[in-house]
Amino acid sequence: MSATRRVLCLCGSLRRVSSNRAALEAARQLAPASLELVMHDDLAALPLFNPDDEHDPLPVSVLALREAVGRADALLVACPEYAHGVPGAFKNLLDWLVGSLEFPGKPVLLLNASARGSYHAQEALAEILGTMSAELLSTQPFPVALPGAGCTTEQVLASAERRAELRAALELLIPSPPTNVGGEG
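Note that full-length UniProt numbering has the sequence shown beginning at 1, numbered continuously upward.
Structure below.
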């Protein structure tokens, strides 16, 4: 019996045509049957985080985010770098998850969709996620060398190199088969 792992895809960009979103959408199309990749599309709907507002009732968009994270077995994150940092909207999303019960211990894989090899935001994300008790599935973000802003899913899928990079990343998300701890029976 094979297990399917539900992976929530989080894009750190608000752009209509985003290379990070294109990488995640391409990963969804390339995912093997053992993975169900689901996009979270409400980054812009989240209110600005204020600890004074972190009580019942939470804003509807925050509840939806936390529920989506809770239903996920793992997270796949693709986030751009703005001015050597994590975009404010994505940091806001992470801030809403800090106090949640759904996030700690969640396996997370970071994609680095920059052909120029941005690393400041990736290092910051790894630090933030580690502080939030994420289980980072790789010590380094997985590189997917996309050309930059304006890249489409079709362009990603048209490249054999990009498909290979995404398939290698997806391998880290595939559930491991259960081990037989009791020995042979």
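All C-beta atoms in this analysis are idealised placements derived from N, C-alpha and C, irrespective of residue type, glycine included.
Proximity test, Cβ basis, 7 Å: residue i and chain D
i	result
Leu37	This model lacks chain D altogether; it includes just one protein chain.
Burial state of residue i, where buried means 16 or more other Cβ atoms lie within 10 Å
i	result
Phe88	With the sequence shown as reference, residue 88 is identified as Gly, and Phe is not the correct amino acid for it. Answer is exposed; the Cβ neighbour count stays below 16.
Glu25	buried
Glu165	buried
Leu57	Per the sequence presented here, residue 57 reads as Pro, with Leu not at that position. Exposed, since its Cβ has fewer than 16 Cβ neighbours within 10 Å.
Gly130	exposed
Gly85	exposed
Ser138	exposed
Asn50	exposed
Ala158	exposed
Pro80	buried
For residue j and residue i, the rounded distance between their alpha carbons
i	j	result
Ser114	Leu30	19 Å
Ala23	Leu172	16 Å
Val7	Ser118	24 Å
Asp42	Leu63	11 Å
Pro175	Arg5	6 Å
Leu48	Ser61	11 Å
Leu136	Glu67	20 Å
Gly185	Ser34	Low local confidence applies: a pLDDT of 47 at Gly185 is under 50, so the model's placement there is unreliable, with the coordinate-based value given in what follows. If you take the alpha carbons of Gly185 and Ser34, they lie about 27 Å apart.
Leu170	Val77	12 Å
Arg28	Ala134	22 Å
Ala124	Ala83	12 Å
His40	Asn20	13 Å
Coil, strand or helix - residue i by DSSP
i	result
Val17	coil
residue 239	As displayed, the chain neither begins before 1 nor continues past 185, which places residue 239 out of reach and without an answer.
Val7	strand
residue 188	Outside the modelled stretch of the chain, which goes from 1 to 185, sits residue 188, for which no answer is possible.
Val156	helix
Leu137	coil
Leu172	coil
Leu146	coil
Leu46	coil
Sequence-distant residues of its chain with Cβ nearer than 6 Å to residue i (five each side left out)
i	result
Asn112	Gln122, Pro141, Pro143
Same chain, Cβ closer than 8 Å to residue i, five either side skipped, listed in chain order
i	result
Arg167	Leu30
Met132	Leu94, Leu97, Val98, Phe103, Pro104
Val69	Leu8, Leu75, Leu97, Ser100, Glu102, Phe103, Lys106
Thr152	Val17, Ala22
Glu36	Thr4, Arg5, Arg6, Val7
Same chain only: Cβ atoms within 7 Å of residue i, ignoring 5 sequence neighbours per side
i	result
Gly150	Val17
Val156	Ala22, Ala23, Ala26, Leu146, Arg162
Asn92	Leu46, Leu48, Phe49
Inside the region 55–116 only - alpha helix (DSSP H) runs reaching at least 4 residues | 60–71, 88–98
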